[in-house]
Structure formats: structure tokens, C-alpha cells
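Heads up, the thing below is written out as C-alpha cells.
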Amino acid sequence: MAERNLEQLEKIREVVSQDLLSGRIELLLGWEKGHYWWQSRPLFARSKDDLAKLTWDSFCAVNLSRYLLEELKDHQKVGVLVKGCDSRAFNRLLQDNMVERDRVVLYGLPCPGILDYKLLAAEAGPELKGIAEENGKIVLKTASGEVEVKRDQFLMAKCRECLYPDPVVYDQMLLEPQGKKEAPERFKAVDELETLTPEERFAYWEKELSRCLRCYACRQACPYCSCRECFVEQENPRWQGRAYQPSENFLFHLVRAYHGAGRCIDCGECQRACPVDIPLQELNRKLIKDINELYGDYEAGLDAELEPPLLTYRPDDPAAFSEK
Amino acid sequence: MSTALNDKTTGYEPLIVAFCCNWCSYAGGDLAGTSRMSYPANVRVIRVPCCGRMNPMFVLRAFQRGADGVLVAGCHPGDCHYSTGNYHGRRRLSAFKRLVEFAGFEPERFEVRWISSSEGDKFAEEMEQMTAKIKALGPNRKMRDARWQSVT
Numbered sequence: 014m015a016e017r018n019l020e021q022l023e024k025i026r027e028v029v030s031q032d033l034l035s036g037r038i039e040l041l042l043g044w045e046k047g048h049y050w051w052q053s054r055p056l057f058a059r060s061k062d063d064l065a066k067l068t069w070d071s072f073c074a075v076n077l078s079r080y081l082l083e084e085l086k087d088h089q090k091v092g093v094l095v096k097g098c099d100s101r102a103f104n105r106l107l108q109d110n111m112v113e114r115d116r117v118v119l120y121g122l123p124c125p126g127i128l129d130y131k132l133l134a135a136e137a138g139p140e141l142k143g144i145a146e147e148n149g150k151i152v153l154k155t156a157s158g159e160v161e162v163k164r165d166q167f168l169m170a171k172c173r174e175c176l177y178p179d180p181v182v183y184d185q186m187l188l189e190p191q192g193k194k195e196a197p198e199r200f201k202a203v204d205e206l207e208t209l210t211p212e213e214r215f216a217y218w219e220k221e222l223s224r225c226l227r228c229y230a231c232r233q234a235c236p237y238c239s240c241r242e243c244f245v246e247q248e249n250p251r252w253q254g255r256a257y258q259p260s261e262n263f264l265f266h267l268v269r270a271y272h273g274a275g276r277c278i279d280c281g282e283c284q285r286a287c288p289v290d291i292p293l294q295e296l297n298r299k300l301i302k303d304i305n306e307l308y309g310d311y312e313a314g315l316d317a318e319l320e321p322p323l324l325t326y327r328p329d330d331p332a333a334f335s336e337k
Numbered sequence: 348m349s350t351a352l353n354d355k356t357t358g359y360e361p362l363i364v365a366f367c368c369n370w371c372s373y374a375g376g377d378l379a380g381t382s383r384m385s386y387p388a389n390v391r392v393i394r395v396p397c398c399g400r401m402n403p404m405f406v407l408r409a410f411q412r413g414a415d416g417v418l419v420a421g422c423h424p425g426d427c428h429y430s431t432g433n434y435h436g437r438r439r440l441s442a443f444k445r446l447v448e449f450a451g452f453e454p455e456r457f458e459v460r461w462i463s464s465s466e467g468d469k470f471a472e473e474m475e476q477m478t479a480k481i482k483a484l485g486p487n488r489k490m491r492d493a494r495w496q497s498v499t
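Protein chains in written order, with our numbering: chain A, 14 to 337; chain B, 348 to 499.
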């Protein structure tokens, strides 16, 4: 199994069960083990029995803040376990007036980074039975024995360039914070694509986007996609055609990314949710990079009070077109 | 949309869609007309209330349905009829222009210009330049709807 730290889990369970039983919260959003040992799925806990299923391990990837949109309709007060990215997602929703701060209790969990099963399986082979963890090392357990590897190399793409592993907004911090991280290669893929010619870039995106099924899982997982009616489902005007062709794929992906301009918290949930591995974060990061370059550094979701850059302006702003 | 001017004997004529703000650039186009200046008939003008009204999907839809180039024209910064529409538009369109270039469009395909209502000559000149640039670049096939057909 993949329990990282039972001690940590007990501590979390103790605090949240107190709050749930005392009625401070009606529902707790956490994680429970999924069908396979490498899956941790959202847990909606309403009772002590539910809390017995709670887990906190290296596979708790799902961003729970997104579920507040639905759960606050049926519950007066909801508790959420938040990692760094979940907490920035919460700020995002707060900024969009999609949640009320005083109806949510946030339990902060500093996150060591989520592991990617595909990478683990590629290293250990298909008969990987489970992992054990200690001090930045992972032990891969297979039928033929155990192999020890470094943890860093098996992080999910979305976690490798994470800047804020600690929650930035919380009511109670449950574990020891670990401080801001460095992300020197955050824009590396974007920089590389920028050096290509337009033709090469178009060919790259045409190929990547050709896999798109338009299942809209990226939208569904995204904490900034909170419109009550999404443009892809709008009937009049019907912006998004249903046809399977590059033109429609480009329209969807450019507009999806653009809706996150100045709002995307770079949590990578879209890319994680994508069943065909489209590098969606490259589009998101391109916008983050450009907006930082043109209108000053801004990290979405860090501070709910700061105005997002595309909602404001300065008279002396630079422009990306040739005329000022 | 049709490239009605597409003359098979003389070669390629591009289709350019110009989104013009009601208060400045559209009036600038009017002035170009009443002053009897000529500019290429490749340009189709679509009037929008303000360049801050531009939805990026307008641009992408134009490319899907046959445009070889798209131009957005608005009031000079500081002169917006709604005071701040073009300041917001400048930020949004800047981010959007870089995004479409990142997706593989040539920078010339999508442009933004400031044209006031007294600049009829500038209006004519910008349309002239844009047409010349797109003509040199050739037809756009990127993002073209597979079902789209040129009606000539």
C-alpha cells in the first residue's frame, strides 16, 4: 500500500472528526483510496464511519476546492483539506464570488508533491505491487523484490514545477509547512516552443490537439472554469462546433486557455485530467509568462485581494502589437 | 464569407476582416470614403461598439470561415468613448495575439491598430498595408473549417 505517514493521517483525522462530530462542519472533502492502490479519489465524509476511509498519501492529486461549487448548494458549512494548489484554487473561486469564505473551513496540508503512477510503473515494470516511502526515497515493491529510488524523479508533471507547496489560505494548518520552492524550469517548454517557426509550432499543436476527444475533462477539473454556462455548451451563438476536426480543436483549446489568462493558478489539474495527455499546461503557462512580462509579475490565487491583471489596466501599458 | 474578388487570372486576393470600433475607426473608415480615398476591397468591415467588446472567438471564427487576416481597430488609448474600453482591450488583445502566435499563426495574420475618426488617410493606409502583407504571406489554411468553401 501507499500510506505515506500514518501518524500524519491520524492527526488529520483527529482534528476533522472533532469538527465534524461537533457540527462545526457538515461535510468534509478529503480523499479515500480508489479501486487501485495508486488512486486516491475524493471522499465526501458526513459521519465518523466515512472518516474511517480518509487517506493522505502520495496520490491525493485531485483538487478538492472545485467540489465546493456543488457541495455548498446542499451544505451550510463545508470543511476541505487543501494542499498548496487546492488553497490557491480556493482563492480563485473566492475572487470570482463563487464561494463564501465563512461557509468553508480550510485545513492546510503542506504537500510534498504527488507521485505519477505511470512513471513508477515504467521504472518497476507491470508487476509493481505497491510502494513504501521514507525520507525522500521510495521503495518500489515488485514480485521479484524491492528497489529503492529517489522520490523527486517520480513526481507528476504538475508538481515538478510547483512554487507553493504550502497552503496560502487556511483556517488551521495541520502539518509542518515546508516553505516556498524553486521552479527554474517552469517556462522551459514554452521557451523552446517559442524558438520554433510558426509552421513548426502549428504542426506541433495540430499533432497534439488531434488527440483531443473534447470530453471537456480539463474544464471539469479546472478551478477557474466555474461559469454557469460554458461557451462549449452554449447553443446561441454556438461557438463550439461538435465536428471532429482540427479547426474545432484549436478553437476549444485556445479559448479554454485564454479564459484562464491572468486567472490560471497553474495547478495542472487540466493536464492531469486529460485522458490523452495533451500538454495543456504549456498553453496556460504561455499566457502566465506573457502577462508577467507585459504587465508585471502576478501569481493567480496567491492573494484574493489583488486584482487580476486582465481586469485592470494602466494608461502606459505596453502592447504586444507593433503600434503602442 | 466569400472572396468575391478572387480573380483566377491575376492570382490570389486575400480576405481581410476588420473589426472597427463604432466611435473612432469605423468613423475613420467613413471619412476615408467621403474623402474619396481608395483602399483595397479585400477588407470587410465589421462594426463593434468598442475594441473592448472584442471576444477572442470573433477572431477565431473569422479564421475558421475564410479570413486570411484579421485586424482589430479601436480608438487611440485615452480617447475611448467609454473611457477605458480600449485600455482593457489593449491588455486582452495583447495576451490573445501572443497566444495565437504561440499556436502557430504568423504575427501578420492578426493585428491591432489605433485609428481615430479624423484619420481617414491612416485608415486607408493601414488597410492597404495589411492587404499587401497578407498577399505576400499567401492564403491562410490554419484553423480553416474543413467544411468551408470559398464562394467565388
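Note that beta-carbon positions come from the ideal geometry of N, C-alpha and C, so glycine has one too.
For clarity, every value in this text was computed on a predicted model and none was experimentally measured.
Between residue i and residue j, what straight-line distance do the alpha-carbon atoms span, to the nearest angstrom?
| i | j | result |
| --- | --- | --- |
| R224 (chain A) | R383 (chain B) | 51 angstroms |
| K337 (chain A) | Q496 (chain B) | Per-residue confidence for K337 (chain A) stands at a pLDDT of 46, beneath the threshold of 50, marking its modelled position as unreliable; the derived number appears in the next sentence. Spanning the two alpha carbons is a distance of roughly 36 angstroms. |
| G421 (chain B) | Y311 (chain A) | 27 angstroms |
| A15 (chain A) | P328 (chain A) | Only weak support exists for where A15 (chain A) lies, its pLDDT of 46 falling under 50; the value from the coordinates is given anyway. If I take the Cα positions, the gap works out to 54 angstroms. |
| A483 (chain B) | G358 (chain B) | 12 angstroms |
| D354 (chain B) | G375 (chain B) | Confidence is the limiting factor: at D354 (chain B) the pLDDT is only 48, short of 50, which leaves the residue's position unreliable and the question unanswerable from this model. |
| R164 (chain A) | G149 (chain A) | 5 angstroms |
| D468 (chain B) | A379 (chain B) | 6 angstroms |
| Y434 (chain B) | T210 (chain A) | 30 angstroms |
| A493 (chain B) | N487 (chain B) | 13 angstroms |
| R251 (chain A) | M169 (chain A) | 36 angstroms |
| C287 (chain A) | E174 (chain A) | 18 angstroms |
| I481 (chain B) | P454 (chain B) | 11 angstroms |
| F334 (chain A) | P403 (chain B) | 15 angstroms |
| R105 (chain A) | S465 (chain B) | 43 angstroms |
| G432 (chain B) | T325 (chain A) | 11 angstroms |
| R456 (chain B) | G416 (chain B) | 4 angstroms |
| K171 (chain A) | L440 (chain B) | 28 angstroms |
| E320 (chain A) | I144 (chain A) | 43 angstroms |
| D279 (chain A) | D377 (chain B) | 45 angstroms |
| Q89 (chain A) | L33 (chain A) | 13 angstroms |
| V364 (chain B) | R285 (chain A) | 38 angstroms |
| R446 (chain B) | D179 (chain A) | Here the sequence assigns Leu to residue 446 (chain B), which means Arg is not the residue at that position. Distance between the alpha carbons of L446 (chain B) and D179 (chain A): 30 angstroms. |
Specify the secondary structure class of residue i as computed by DSSP and reduced to three states.
| i | result |
| --- | --- |
| A286 (chain A) | helix |
| P250 (chain A) | coil |
| K142 (chain A) | strand |
| M474 (chain B) | helix |
| V28 (chain A) | helix |
| I481 (chain B) | helix |
| L85 (chain A) | helix |
| T344 (chain A) | Because residue 344 (chain A) is not part of the residues shown, which for chain A are 14 to 337, the question remains open. |
| V75 (chain A) | coil |
| F215 (chain A) | helix |
| R437 (chain B) | helix |
| Y257 (chain A) | coil |
| S35 (chain A) | helix |
| I393 (chain B) | strand |
| S53 (chain A) | strand |
| R491 (chain B) | coil |
| K163 (chain A) | strand |
| T325 (chain A) | coil |
| C422 (chain B) | coil |
Grab me the residues of residue i's own chain with a C-beta within less than 6 angstroms of its C-beta, minus the 5 sequence neighbours each way, in chain order.
| i | result |
| --- | --- |
| L315 (chain A) | V181 |
| E261 (chain A) | G254 |
Going by beta carbon distance, what residues of the same chain come within less than 7 angstroms of residue i, once the five residues before and after it are set aside?
| i | result |
| --- | --- |
| F200 (chain A) | R298 and K302 |
| E458 (chain B) | L418 and M477 |
| L187 (chain A) | K24, I25, V28, Y120, G121 and L122 |
| R394 (chain B) | C367, N369 and Y373 |
| I38 (chain A) | D32, K90, V91, G92 and V118 |
Residue j and residue i - do their beta-carbons sit closer together than 8 angstroms?
| i | j | result |
| --- | --- | --- |
| F405 (chain B) | M490 (chain B) | no |
| L40 (chain A) | V117 (chain A) | no |
| W218 (chain A) | A442 (chain B) | no |
| C367 (chain B) | D426 (chain B) | no |
| D330 (chain A) | R400 (chain B) | no |
| Q21 (chain A) | W51 (chain A) | no |
| L64 (chain A) | S35 (chain A) | no |
| A270 (chain A) | L300 (chain A) | yes |
Take residue i and list the residues in its own chain whose beta-carbon comes closer than 8 angstroms to its own, dropping the five residues that flank it on each side.
| i | result |
| --- | --- |
| S157 (chain A) | E140 |
| S385 (chain B) | A471 |
| Q247 (chain A) | Q253 |
| F10 (chain A) | Lying outside 14 to 337, the shown extent of chain A, residue 10 (chain A) is not represented and no answer is given. |
| P259 (chain A) | E219, L222 and S223 |
| E475 (chain B) | Y386 and P387 |
Specify whether the region 78-85 of chain A and the region 96-113 of chain A touch according to this definition: at least 3 beta carbon pairs, one from each stretch, less than 8 angstroms apart. yes
Between the region 108-115 of chain A and the region 51-63 of chain A, are three or more C-beta pairs nearer than 8 angstroms? No, they do not touch.
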